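See below for the structure under consideration.
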Amino acid sequence: MKKRIPLIAVAALMLIVAFLLIMTRLHSPQEVLAPPNPNGENRKLQQAFEKAVGSGNEYKLQYPDEGDYRSAYVLYDIDGDEENEALVFYSKTSDEGTVRVNILDLIDDEWVSVLDETGYGSKIDSVTFADLNSDKTAECILSWSLSGTDSSRTMTVHSLKLGDSKPEFKTLSNMPYKAMGVYDMDNDGSQEILVLWNETTRKVQQNYAALMKMSGSGLRQVGDEITLDSTASVYDGVYLQKGQTPMVFVDALKDDNTMFTEVLWWDGVNQVLRAPFTENATHKNVSTLRASAIPVKDIDEDGLIEIPVAYGDAGTSGSSGRASREEVDEEVPIALNSWSVTTAEEPGVLKTKAYGMIDTTNRYVLQVDAAYRDSLRFYRNTKTGVITVYSIGSEETREPLFSLVYSADGKPESWNSEYTFLSEQGSRAVFGTLTSAGTAAGITNETIQNSLVFY
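Per numbering that gives the first Met the number 0, numbering of the sequence shown is gapless, rising by one per residue and ending at 454.
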């Protein structure tokens, strides 16, 4: 073990702080689930809706729980006339198993219900608008499910025609899916739909992705679909990395504690979709696999998305790095993670920016300097929850350097006498004891405290 171990670099700390701040920027459900204010223009909209579908005891509003629109009343200028139209999602009390959409237009300053359509599920999951063919009118992309679960999702794409002619809410596409995103992936000025889905043939499930593009008045697939890692049980997030060649990052859960990330980009030269981290021969993605369900993020806001990946075998193997003490069988390893970036200019290449041990149970991070990524191991005691950081000099030399104890109720009264360092955020605290081996290695209580970041 080297004489001094600085646990944190200033640049790395800035990266992780930015990452944690971004993770906390969540919308409050109370901000997005509210029905229209019963005054003024909103009251007129509600009255027009009830005139069309019945009084309040004859319907139940349905709320999307994903995406930018979380209200049952969705306002958007779909036809490009500089006035919003309204989509109201609801179910009839006589048929609560089917979501319907009522479409209202503002005509001569009065809201008028012009269409009422049957939906494609018992739940509306998300609402997205995008001009897919650059005609200055938006297509409506809706996600439905039969049970509110990922296994029964349907994506529909619609065009809305209003004006003097007969109103029409035309369905352009209707397909099952697992995840999707709306982006200009080929940089031609029009947005496309990237869609992921699975198929089961002879009891074997396979996952696919394809790019859907508007052509004339229809929506068609561009190029062939691409095969993805079939072990993904749930897709947990879709994120765009902008640039000369846009890339889409899709987090995939294998189980509750294992995640990987599919990276997708459009190869304009060959007119094909690419997934550089999924091996062609095996259709497996092991390059981005990690033992914790930690999502990707642009942690330093430089425009490049970082993928958290388990680094090497540090803390991932039960046979390496265990301390030689009686309660060793009660300890489980915690992986050291690296945050890495990739670009379409170097497809399939991950470049590391920072390292850290993440306690996903208690939501805090211990940042580790790159110079010492190979000499530390992290283990959690399954009975007490205490994390111990060990030095790994050789197979015969393993020393506990310090422990990490988490408390949701702040610091204990006896922390001054029993523990040597403390880091707090509100009512949360992490404290522990620096051992003589840690002191001899050059670690201080101050460096540990500065290395701890809550999220």
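C-beta: ideal position from N, C-alpha, C; glycine also. All of these numbers come straight from a predicted model, not from anything done at the bench.
Buried or exposed: where does residue i fall if 16 or more other Cβ atoms within 10 Å of its Cβ makes it buried?
| i | result |
| --- | --- |
| Leu94 | For clarity, residue 94 is Asp in the given sequence; the question names Leu instead. When all chains shown are included, Asp94 counts as exposed. |
| Asp228 | buried |
| Ala85 | buried |
| Leu216 | The identity of residue 216 in the sequence shown is Ser, whereas the question assumes Leu. Under this definition Ser216 is an exposed residue. |
| Glu281 | Sequence check: residue 281 is Thr here, not Glu. Under this definition Thr281 is an exposed residue. |
| Gln270 | exposed |
| Ser426 | exposed |
| Asp185 | buried |
| Ser158 | buried |
| Pro175 | exposed |
| Val87 | buried |
| Gly384 | exposed |
| Ile486 | For residue 486 there is no data in the structure shown, the boundaries of the chain being 0 and 454. |
| Thr381 | exposed |
| Ser450 | buried |
Helix, strand or coil: which one does DSSP assign to residue i?
| i | result |
| --- | --- |
| Arg427 | strand |
| Thr359 | coil |
| Asn101 | strand |
| Tyr176 | coil |
| Leu44 | helix |
| Val459 | Residue 459 lies beyond the stretch modelled for the chain, which goes from 0 to 454, so this question has no answer here. |
| Ser189 | coil |
| Val237 | strand |
| Ala51 | helix |
| Ala439 | helix |
| Arg321 | Note that Arg321 scores a pLDDT of 42, beneath 50, so its modelled location is shaky; the value from the coordinates is reported in the next line. It is coil, neither helix nor strand. |
| Asn380 | strand |
| Gln220 | strand |
| Glu417 | helix |
For residue i, which of the options has the nearest alpha-carbon?
| i | options | result |
| --- | --- | --- |
| Ser232 | Met258, Met211, Thr244 and Val247 | Met258 |
| Lys212 | Glu116, Leu227 and Glu191 | Glu191 |
| Lys253 | Asn279, Asn206 and Gly222 | Asn206 |
| Thr136 | Gly79, Val113, Val340 and Leu74 | Gly79 |
| Lys43 | Phe453, Phe430, Gln61 and Ser112 | Ser112 |
| Ala439 | Val404, Ala292, Ser390 and Tyr454 | Ser390 |
| Asp235 | Val249, Gly222, Asp223 and Ile225 | Val249 |
| Asp358 | Ile333, Arg372 and Val340 | Ile333 |
| Arg376 | Ser90, Gly222, Ala309 and Val100 | Ala309 |
| Leu461 | Tyr363, Arg99 and Leu105 | The structure shown does not extend to residue 461, since the chain is modelled only from 0 to 454, so the question has no answer here. |
| Val348 | Asp124, Val262, Gly437 and Asn173 | Val262 |
| Thr230 | Thr260, Asn132 and Ser214 | Thr260 |
| Ala178 | Glu116, Val247 and Glu138 | Val247 |
| Thr92 | Ala407, Val52 and Lys283 | Val52 |
| Leu131 | Leu193, Lys122 and Glu81 | Leu193 |
| Lys122 | Glu417, Leu114, Ile102 and Lys59 | Lys59 |
Throw me the rounded Cβ distance for the residue i and residue j pair, which I believe falls under 8 Å.
| i | j | result |
| --- | --- | --- |
| Asn336 | Pro307 | 5 Å |
| Trp143 | Gly120 | 3 Å |
| Trp414 | Phe430 | 5 Å |
| Lys352 | Glu305 | 6 Å |
| Tyr89 | Asn83 | Wrong, their Cβ atoms sit about 18 Å apart, outside the cutoff. |
| Ser54 | Tyr62 | Rounded, the Cβ-Cβ distance is 20 Å, inconsistent with contact. |
| Leu218 | Leu171 | 5 Å |
| Thr446 | Pro399 | Thr446 to Pro399, Cβ: 17 Å. No contact. |
- Write down every uninterrupted run of the beta strand (DSSP E) in the segment 70-99 whose length is 3 residues or greater and which is fully enclosed by it, in chain order. 72-75 and 84-91
- Message: Runs of 4 residues minimum, wholly inside the segment 279-307: which ones carry the alpha helix (DSSP H) assignment?
- Response: none
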